[in-house]
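Chains as they are written, first to last, in this note's numbering: chain A, 5 to 278; chain B, 5 to 278.
Built from N, CA and C at the ideal position, the CB exists for glycine as well.
Below: the structure, in structure tokens.
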């Protein structure tokens, strides 16, 4: 029997990280995936640093116990608030979503002025502003707390969502940021709103999807994990997926499909003891 | 020293239960109050029975450990999904919000047709329908998942909230329920939307606020808890309040004031080990 392919552990508070997994399946098909959604305790976006860090470290330990050889923190809030704590607690390489997003914004922008939209917790942490300023960019961060519930309601092309987006983006592209030429989607729910946000954002703005940027960063690291002995046949077969959720597995299957764009099978319930 | 007044423990997943506490302070000023908001794990409204029941039983044990002589489950989701489990685990009387709400609806309605609005989990449990049908009423339950995030965004009089409410209530008062004459606010966030919902609901509809009905139910039971030796002076002094939250105490103070309508002091962080 050929050796198993390396397992990449992907973690999010719920379903949003499935947009990152979707991008990973396209760019890194040579892996197996274990996805952990902490659906019993979502959302993280309105919670404090201490709470999010504790939950994220527990999730990372769980994924390592499932054999993950690399961890992808597919949650902007967990990355923004707790990446340092997760890295300190992990025994394998860890990739978050903030630095890849900032790097992609740095490549996309011409006038070095960038708007980032995200959850309240991500914005309050200023993790994006820090990452963008380190790259010599000016950043405006804007919390958009209603966008996640609107996506979860399925209103991704609804007139109400468009009005809400107009209000939020109107406030973001103001006061010296009218001419920002790049907008980072700093929440893994937002890729589902990309067509709507494309219409609402000023025409000259490039939209950076941190899910895609993160998948590219993972792809760059992944080759190091591949054992030489892996046969070409084994590597070329379809990626294997396993899902873990802390709340209802039925709901995970049902809602998750919208984010992943594929049917979801093989969901196991996990009860993390704090 | 005169004996202490009885402590009533009030529990919610977050801030909404403060609307019940507000009603209690008016109707039952002779008590002390310990309020527990499970803010690290909110919201409960989108979670499964098993998860909500486990969290609610932990919270009840915590409030009993703080000396509560009566428990008020000031959360529609926890009441709807887990009242039986909480009652079985508790050593003191327990009052939930569903039966008082159903009782008030039964008094208010003339044509015995009632609409209930609430979270996804409350509606899926059909706890209100059951409680209303037991009283000989016909019930239509409607999940309104965007209303809680809109209240938490502070948009209680916003045109977007009005449009969302029109969509939800339009669907609720349809298909044989056009003439329902009573609407139960089956979520403790909704009292903050009462003026807006009053405008959007059909004119002939009476609105039942389960926070008020619950306070009346507690008041009826409370006299039994009063020790005879309590001096009139002691009973007449202002109620004492203590707050416990599982996430940031600063955020609890800040957001909580909007729900309670009073400044919030004396918040302690609690870390429930599962």
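Own chain residues within Cβ distance below 7 Å of residue i, not counting five before or after
i	result
residue 140 of chain A	116
residue 185 of chain A	113, 114, 115, 117, 208, 209, 210
residue 251 of chain A	43, 44
residue 175 of chain B	146
residue 173 of chain B	204, 205
For residue i, the residue or residues it bridges with in DSSP
i	result
residue 211 of chain B	B/187
residue 13 of chain B	B/38, B/75
residue 269 of chain B	BP columns for residue 269 of chain B are empty, so no partner.
residue 144 of chain B	B/119
residue 248 of chain B	B/40, B/272
residue 98 of chain A	A/75
Proximity below 9 Å, CB of residue i to CB of residue j
i	j	result
residue 14 of chain B	residue 39 of chain B	yes
residue 222 of chain A	residue 76 of chain A	yes
residue 119 of chain B	residue 145 of chain B	yes
residue 242 of chain B	residue 271 of chain B	no
residue 226 of chain A	residue 34 of chain A	yes
residue 59 of chain A	residue 123 of chain A	no
residue 129 of chain B	residue 201 of chain B	no
residue 133 of chain B	residue 125 of chain B	no
residue 16 of chain B	residue 72 of chain B	no
residue 188 of chain A	residue 171 of chain B	no
residue 138 of chain B	residue 199 of chain B	no
Contacts around residue i, its chain only, beta-carbon distance under 6 Å, and the 5 residues preceding and following it disregarded
i	result
residue 8 of chain B	none
residue 18 of chain B	41, 43, 46
residue 5 of chain B	Low confidence applies to residue 5 of chain B: its pLDDT is 41, below 50, so where it sits in the model is not reliable, and the reading given next is rough at best. Closer than 6 Å at the Cβ level, and outside the excluded window around residue 5 of chain B, lies no residue.
residue 193 of chain A	20, 152, 155
residue 348 of chain B	Since the first and last residues shown for chain B are 5 and 278, residue 348 of chain B lies out of range.
residue 203 of chain B	none
residue 260 of chain B	19, 22, 268
residue 108 of chain A	212, 217
residue 253 of chain B	271, 273
residue 2 of chain B	Lying outside 5 to 278, the shown extent of chain B, residue 2 of chain B is not represented and no answer is given.
Rounded distance between the beta-carbons of residue j and residue i, thought under 8 Å
i	j	result
residue 219 of chain A	residue 31 of chain A	4 Å
residue 24 of chain A	residue 101 of chain A	7 Å
residue 127 of chain B	residue 150 of chain B	The pair is not a contact, with the Cβ atoms about 14 Å apart (cut-off 8 Å).
residue 206 of chain A	residue 181 of chain A	Not a contact, Cβ separation roughly 10 Å.
residue 190 of chain A	residue 90 of chain A	The Cβ separation is near 18 Å, so there is no contact.
residue 106 of chain B	residue 136 of chain B	5 Å
residue 66 of chain B	residue 197 of chain B	Their Cβ separation, rounded to whole angstroms, is 30 Å, which puts residue 66 of chain B and residue 197 of chain B out of contact at 8 Å.
residue 229 of chain B	residue 10 of chain B	4 Å
residue 104 of chain B	residue 217 of chain B	4 Å
residue 289 of chain B	residue 255 of chain A	Because chain B in this structure spans residues 5 to 278, residue 289 of chain B falls outside the shown range and cannot be described.
residue 131 of chain A	residue 83 of chain A	7 Å
Other residues of its chain near residue i: CB distance less than 8 Å, five sequence neighbours each side excluded
i	result
residue 94 of chain A	64, 68, 75
residue 274 of chain B	40, 66, 248, 249, 250
residue 88 of chain B	none
residue 26 of chain B	215, 263, 264, 265, 266
residue 159 of chain B	165
residue 54 of chain B	none
Taking a Cβ distance cut-off of 8 Å, strictly less, list which residues of the region 189-204 of chain B are near chain A, in chain order. none
If contact means a Cβ-Cβ distance below 7 Å, which residues of the region 45-59 of chain A contact chain B? 45, 51, 52, 55
For the region 245-258 of chain B, which residues have a beta carbon sitting closer than 8 Å to at least one beta carbon of chain A? 250, 251, 252, 255
Residues in the region 129-151 of chain A with C-beta within 7 Å of chain B's C-beta atoms, listed in sequence order? 149, 150
Counting only Cβ-Cβ distances shorter than 7 Å, please list the residues of the region 167-187 of chain A near chain B, keeping chain order. 167, 168
If contact means a Cβ-Cβ distance below 8 Å, which residues of the region 15-40 of chain B contact chain A? none
Identify each residue in the region 57-86 of chain A for which the Cβ-Cβ distance to at least one residue of chain B is less than 8 Å, and report them in chain order. none
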